[in-house]
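Position 39, counted from 1, in the sequence shown is what the UniProt record's numbering calls 39; the numbers after and before it change by one each time, with no gaps.
Report on one structure; see the data block that follows.
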Amino acid sequence: MISTTSRRRRRRTTLVLATTTALLGGITSALPPAVSAATVDINASYVLVNRNSGKALDVYDLATNDGARISQYTRNDGAWQQWQFVDSGGGYYRLRSKHSNKVLQVSGSSTADAADLVQWADGNATSQQFQLADSSGGYVRLLNRNSGKAVETYEWSTADGARVVQWPDTGGANQQWQLVKLGAPAAGTFTNPIKRNGPDPWLQHHNGYYYLATTTWNSTITMRRSRTLAGLSSAADQVIFNLAGRPNGCCNMWAPEFHLLNGRWYLYYVAGQNVPDYNPTQRLHVLESSGADPMGPYSFKADLGNTWELDPSILQHGGKLYLMGSAMDGTQSLTITPMSNPYTLSGARRTISQPTLAWERQTAAVNEGAEPLYRNGKTMIVYSASACWGPDYKLGLLTLTGSDPLNRSHWTKSPNPVFQRNDGNGVFAPGHNGFFKSPDGTEDWIVYHANDSASGGCDMNRSTRAQKFTWNADGTPNFGTPVRLGTPLAAPAGEPAS
1 MISTTSRRRR RRTTLVLATT TALLGGITSA LPPAVSAATV DINASYVLVN
51 RNSGKALDVY DLATNDGARI SQYTRNDGAW QQWQFVDSGG GYYRLRSKHS
101 NKVLQVSGSS TADAADLVQW ADGNATSQQF QLADSSGGYV RLLNRNSGKA
151 VETYEWSTAD GARVVQWPDT GGANQQWQLV KLGAPAAGTF TNPIKRNGPD
201 PWLQHHNGYY YLATTTWNST ITMRRSRTLA GLSSAADQVI FNLAGRPNGC
251 CNMWAPEFHL LNGRWYLYYV AGQNVPDYNP TQRLHVLESS GADPMGPYSF
301 KADLGNTWEL DPSILQHGGK LYLMGSAMDG TQSLTITPMS NPYTLSGARR
351 TISQPTLAWE RQTAAVNEGA EPLYRNGKTM IVYSASACWG PDYKLGLLTL
401 TGSDPLNRSH WTKSPNPVFQ RNDGNGVFAP GHNGFFKSPD GTEDWIVYHA
451 NDSASGGCDM NRSTRAQKFT WNADGTPNFG TPVRLGTPLA APAGEPAS
C-alpha cells in the first residue's frame with residue numbers, strides 16, 4: 001500500500017513538471033511584482049511564496065477539515081495554495097483558503113514557539129488574525145495577533161510538506177513571504193471549477209443562459225444560472241423544488257437532469273426516505289415545468305419505478321423515449337426502459353451494460369450515469385465506470401450498432417475508457433458527465449465532476465468542471481485530458497462580452 005504522503009508527493013511533483021522553468025527557475029524574476037503589505041487587495045487571491053525555500057503556503061494533502069495542518073509545497077497555484085485576505089480591522093487580516101474556505105490559525109491558540117499553523121472555521125479569533133510587516137525586497141512577515149509571533153517554515157526546511165509554525169519575529173528569510181497576486185481570468189476565458197461542492201452536474205444553455213443543477217444530498221433541488229460559463233462559479237443557487245414530506249422521496253436528492261420535451265422541462269432525479277441507511281430506498285422521480293423556463297415553477301409528476309435505481313437520463317431514438325438508469329443486476333449495471341411519454345414507463349426494464357472489463361471494476365464494479373450523445377446519425381451512451389468513492393472513476397462509451405436500444409446485443413462497448421484521471425493535472429475520479437452546446441451551436445462541451453486528490457470521496461467535495469471536446473475520424477468523441485484546476489480556458493463560442 002502506498003502512503004497518502006507518497007501519493008500526494010508524487011502527484012504534486014508531476015503537477016509542476018511542465019512549469020518547472022517558469023515557476024522555480026526564476027521565482028523572483030518570472031513572477032508578478034510582489035505586493036506590499038500596505039496595498040493588499042482583499043478582493044484578490046494570493047499565493048504566498050517563502051523567501052528561503054521558494055515554496056508556497058499550502059493546505060497539506062488538500063484537506064478540508066478543521067485542524068488540518070498547513071505546510072509548504074512546490075508552487076502549483078492550486079486552490080489549496082490560494083489565500084484571500086479578510087480584513088479584521090486594526091491592520092489585521094485573516095487568511096482564508098480558497099480550497100477549504102477555512103482560515104489560517106495557530107493551533108489551539110497557542111503562544112508557544114513552534115506551535116503549528118492549521119486551518120479552522122472562521123471565528124475571527126485573535127489566533128486567526130495576522131498583521132503584515134514589511135521586509136526588504138517586497139516580502140512580508142505574518143505576525144499573529146494572539147502570540148505576536150511570526151509565521152515561518154520550521155528549521156529553515158526547503159522540503160515539500162515541511163511544517164509551518166510560529167516563532168519569535170527574527171526577520172529571517174524563512175519568515176518572509178512574497179505575496180503573488182493572481183489575476184482574474186482574462187475576458188473571454190474561464191477557469192474550473194465552475195462550481196465548488198457540485199457533484200453529478202447537469203448543464204444546459206437555453207435562451208441566452210447557462211443553467212446548472214447538481215446533487216444537494218438534502219431535500220431541495222436547486223439550480224443556478226449565468227450568461228457566461230465563468231459566471232456560474234459565483235451565481236447563487238435557487239431552490240426550485242422542495243421534496244420535504246414526500247413519503248418515498250423526501251431526502252438525499254442526487255443527480256438532477258432537466259430535459260426539454262414537448263415544450264416543457266422535465267426534471268429527473270434520485271431521492272429516497274429519510275433513514276440513516278438511505279441507499280436502499282433511492283428511487284427515480286420526475287417533475288414537470290409549467291412553462292418553458294428551466295427554473296420552473298415545477299410540480300411533482302411521477303415516481304418512475306418502485307425498486308432501487310440511480311442516475312436517470314433520457315435517450316431519444318427513432319422518435320421514441322427511453323429512461324436510462326443504473327440498477328443491480330448481479331452488479332451495478334446500466335438499464336433502459338421504454339416510455340410512452342416523458343413521465344410514463346411503458347415496458348420492462350432491460351440491462352444493456354454490466355461492468356465486465358477490468359477498468360470498470362476498480363475499487364468496485366460499477367456502471368452508472370448513462371448519458372446520451374448523438375453525432376451524424378450515430379447514437380452513443382457515455383457512462384461512468386468503477387467506484388465513485390475511488391480515484392479511478394472514469395467514463396466509458398457504448399455505441400448503438402444495431403437498431404433496437406432495448407436489445408443489449410445492439411450496443412457495442414469500447415474496450416478502453418474515454419476519459420479518466422490525470423495525476424499530473426491533479427484530477428481524480430472524473431465522471432458523471434453531461435453534454436451541452438456553445439451559445440452559437442458550433443462547439444461541443446462536456447460537464448463533469450472530479451476530485452482534487454486521490455483520497456477524495458464520493459461526497460459533496462466533488463466539484464463541477466467543463467471543457468470543450470472534439471471528434472475522432474470514426475465519429476466517436478475525443479474528450480482529451482481533464483484539465484488542471486485554475487487553467488485559463490477559452491469560453492464557449494458565442495458568449496456575450498463580459
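Even for Gly, the Cβ is constructed at its ideal location relative to N, Cα and C.
If you check the CB distance, residue 48 and residue 57 come in under 7 Å. Below 8 Å, enough C-beta pairs join the stretch 357-370 and the stretch 329-338 to call them touching: three or more. Counting C-beta pairs closer than 8 Å gives three or more between the stretch 259-276 and the stretch 291-306, which meets the contact rule. The beta carbon of residue 469 sits closer than 8 Å to the beta carbons of 444, 445, 446, 477, 478, 479 and 480 from its chain, once the five residues preceding and following it are set aside; these are given in chain order. Apart from sequence neighbours up to five positions away, the residues of its chain that approach residue 127 with a beta-carbon distance below 6 Å are 105, 106, 109 and 146, ordered along the chain.
Take the alpha-carbon of residue 54 and the one of residue 76: they are about 12 Å apart.
Shown here, residue 325 sits in a strand according to DSSP, grouped into three states. Residue state for residue 273 is assigned as coil, using DSSP reduced to three classes.
Unbroken beta strand (DSSP E) runs of no fewer than 3 residues, entirely contained in the stretch 328-359, are found at 331-341 and 350-353, following chain order. When only Cα atoms are considered, residue 241 and residue 113 end up about 53 Å apart. Ranked by Cα distance from residue 169, the first of 141, 196, 401 and 181 is 141. If you keep only unbroken beta strand (DSSP E) runs of at least 3 residues inside the stretch 203-271, you get 209-213, 220-226, 238-242 and 251-261.
If you draw a 10 Å sphere on the C-beta of residue 473, you find fewer than 16 other C-beta atoms in it, and that means exposed. Around the beta-carbon of residue 346, fewer than 16 other beta-carbon atoms lie within 10 Å, marking it exposed. Fewer than three beta-carbon pairs drawn from the stretch 407-418 and the stretch 428-441 are found closer than 8 Å, and the two stretches are therefore not classed as touching. If you check the CB distance, residue 239 and residue 255 do not come in under 7 Å. Listed in chain order, the non-local C-beta contacts of residue 88 below 7 Å within the same chain comprise 94, 124 and 129, local neighbours out to five positions each way being set aside. When secondary structure is reduced to three states using DSSP, residue 294 falls in the coil class, being assigned neither helix nor strand. Counted as a single uninterrupted DSSP element, the beta strand (DSSP E) harbouring residue 378 occupies residues 378-385. Counting along the chain, no beta strand (DSSP E) covers residue 126, and no H or E run does either.
Three or more Cβ pairs drawn from the stretch 450-466 and the stretch 379-393 lie within less than 8 Å of each other, which places the two stretches in contact. Taking 7 Å as the cut-off, the beta carbon of residue 131 is found closer than this to the beta carbon of residue 92. Note that the stretch 243-253 touches the stretch 207-222; at least 3 beta-carbon pairs, one per stretch, sit closer than 8 Å. Rounded to whole angstroms, the separation of the alpha carbons of residue 384 and residue 418 is 10 Å. For the 7 Å CB-CB criterion, residue 216 and residue 199 do not form a contact. In the DSSP secondary-structure assignment, residue 312 is not bridged to any residue. Between the alpha carbons of residue 341 and residue 400 lies a gap of roughly 22 Å. Straight through space, the alpha carbons of residue 51 and residue 137 are spaced by roughly 10 Å.
Shown here, residue 444 sits in a strand according to DSSP, grouped into three states.
As DSSP reads the structure, residue 405 sits in no beta bridge. The continuous beta strand (DSSP E) containing residue 50 extends over residues 45-50. Contiguous alpha helix (DSSP H) elements confined to the stretch 168-203 do not occur, taking only those with 4 or more residues.
Residue 433 sits in a strand when the DSSP states are folded into three classes. For residue 274, same chain residues with a beta-carbon under 7 Å away, outside a window of 5 residues either side, are 250 and 251 in chain order. DSSP places residue 488 outside both helix and strand once states are collapsed to three, so it counts as coil. Sixteen is the threshold: when 16 or more other Cβ atoms of the shown chains lie within 10 Å of the Cβ of residue 394, as they do, the residue is buried.
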